[in-house]
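Residue numbers are given in numbering that gives the first Met the number 0: position 18 of the sequence shown equals residue 17, and the series is strictly consecutive.
Data block below; observations after.
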Amino acid sequence: MDTLSKFSKHTVALHWLIAFAMIGSLAFGLYLEELPRSPDKGFLIGIHKSIGVLILLFALYRVVHRLRSKLPQPLTVTPLWQQRFATAAHIFLLAGTVFMPISGILMSVGGGHSVGVFGVELIAAGEGNEVIGNIGGTIHGLGGKLLILAVVLHVVGTLKHHLIDKDGTLRRMLGARV
Ligand code: HEM
Ligand code: HEM
Numbered sequence: 000m001d002t003l004s005k006f007s008k009h010t011v012a013l014h015w016l017i018a019f020a021m022i023g024s025l026a027f028g029l030y031l032e033e034l035p036r037s038p039d040k041g042f043l044i045g046i047h048k049s050i051g052v053l054i055l056l057f058a059l060y061r062v063v064h065r066l067r068s069k070l071p072q073p074l075t076v077t078p079l080w081q082q083r084f085a086t087a088a089h090i091f092l093l094a095g096t097v098f099m100p101i102s103g104i105l106m107s108v109g110g111g112h113s114v115g116v117f118g119v120e121l122i123a124a125g126e127g128n129e130v131i132g133n134i135g136g137t138i139h140g141l142g143g144k145l146l147i148l149a150v151v152l153h154v155v156g157t158l159k160h161h162l163i164d165k166d167g168t169l170r171r172m173l174g175a176r177v
C-alpha cells in the first residue's frame with residue numbers, strides 16, 4: 000500500500016524496472032531506425048521485440064495495480080496547474096508503457112513478421128496487413144517521439160523537486176520514508 004509518506008516496495012520496484020527498460024527500448028528503437036537493413040539488424044530487432052513483449056507483461060500488471068490505487072499525491076503545496084500537469088504526464092507515461100509494445104506488435108504482425116520472446120514464438124509470421132502495419136508504425140514512431148518528450152519533462156520535474164524545492168519526491172520513489 001502506498002501512503003503519502005512512503006511508497007510500497009512493489010510500486011518502487013515496478014517504477015524503476017519499467018523506467019529503465021523503457022528508456023533503454025526508446026534509445027534502442029531510435030538506433031534501429033537509423034541502422035541500414037542487414038542480418039545483424041534483423042537479429043537486433045528480434046532482441047528489441049523480445050524485451051518489448053516482456054515490458055508489456057509487466058506494464059499491464061502495473062496498470063492494473065495503478066487502477067486500484069491513486070497516482071502519487073504531491074508532498075508539498077503545489078500550484079493546481081502543476082499537479083494537473085504532473086498527473087497528466089504520469090497517465091501518458093503509464094499509457095506509453097502499453098501502447099508502445101502493442102503498436103510494435105501490430106507493426107510486426109501487419110508486416111507479416113513473427114513476434115516472440117528470445118526464440119519462443121508467440122505469433123507466427125503470416126501474410127500481413129498493410130493497414131494494421133501502418134497504424135502500428137504510426138503509433139510506434141510518433142508515440143515514441145512524444146513519449147521521449149514526456150520522459151524528459153518527467154525527469155526535469157523530478158530534478159526540480161530534488162535540487163530546487165529540495166523536497167522528498169525523488170527519495171519517496173527510491174523507497175525512503177519522507
Ligand atoms: C516496449 C517498449 C517499446 C519501445 C519504447 C519501443 C521504441 C521504439 C522506437 C523509439 C523505435 C524507433 C521509431 C520507429 O521506427 O518506429 C522502434 C522501432 C521499432 N520497434 Fe519498437 N519499441 C517497443 C516495443 C516493441 C515491440 C514489442 C515490437 C514488436 C513486437 C517493436 C518493434 C519495432 C520495430 C519492428 C521497429 C522498427 C525498426 C526499424 O526497422 O527501423 N517494438 N521502437
Ligand atoms: C531516470 C528517469 C526517471 C526518474 C528520475 C523518475 C522519477 C519519478 C519520481 C520521483 C516519481 C514520483 C512522482 C511523485 O511522487 O509525484 C515518478 C513517478 C512516475 N514515473 Fe517516473 N522517473 C523516471 C522515468 C520514468 C519512465 C521512463 C516512465 C515511463 C515511461 C516513468 C513513469 C512514471 C509513472 C507512471 C509515475 C507515477 C507513479 C507510478 O505509477 O509508479 N518514469 N517517477
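Cβ atoms here follow ideal geometry from the backbone N, Cα and C, with glycine treated the same way.
CB contact flag (residue i, residue j, <9 Å)
{"i": "Val52", "j": "Ile104", "result": "yes"}
{"i": "Leu158", "j": "Phe91", "result": "no"}
{"i": "Val108", "j": "Gly135", "result": "yes"}
{"i": "Asp166", "j": "Val177", "result": "yes"}
{"i": "Ile50", "j": "Ala85", "result": "no"}
Nearest-angstrom Cα separation, counted from residue j out to residue i
{"i": "Ala124", "j": "Val150", "result": "33 Å"}
{"i": "Gly127", "j": "Leu55", "result": "22 Å"}
{"i": "Val76", "j": "Gly95", "result": "28 Å"}
{"i": "Trp15", "j": "Lys144", "result": "21 Å"}
{"i": "Leu43", "j": "Ser4", "result": "42 Å"}
{"i": "Gly111", "j": "Gln82", "result": "43 Å"}
Residue from the options with nearest C-alpha to residue i
{"i": "Ala58", "options": "Gly136, Gly115 and His9", "result": "His9"}
{"i": "Ile122", "options": "Met106, Val130 and Asn133", "result": "Met106"}
Backbone secondary structure at residue i - three-state DSSP
{"i": "Glu120", "result": "strand"}
{"i": "Gly110", "result": "coil"}
{"i": "Gly140", "result": "helix"}
Span of the alpha helix (DSSP H) around residue i
{"i": "Ala20", "result": "Lys8 to Glu33"}
{"i": "Ser37", "result": "Neither: Ser37 is in no alpha helix (DSSP H) and is coded neither H nor E."}
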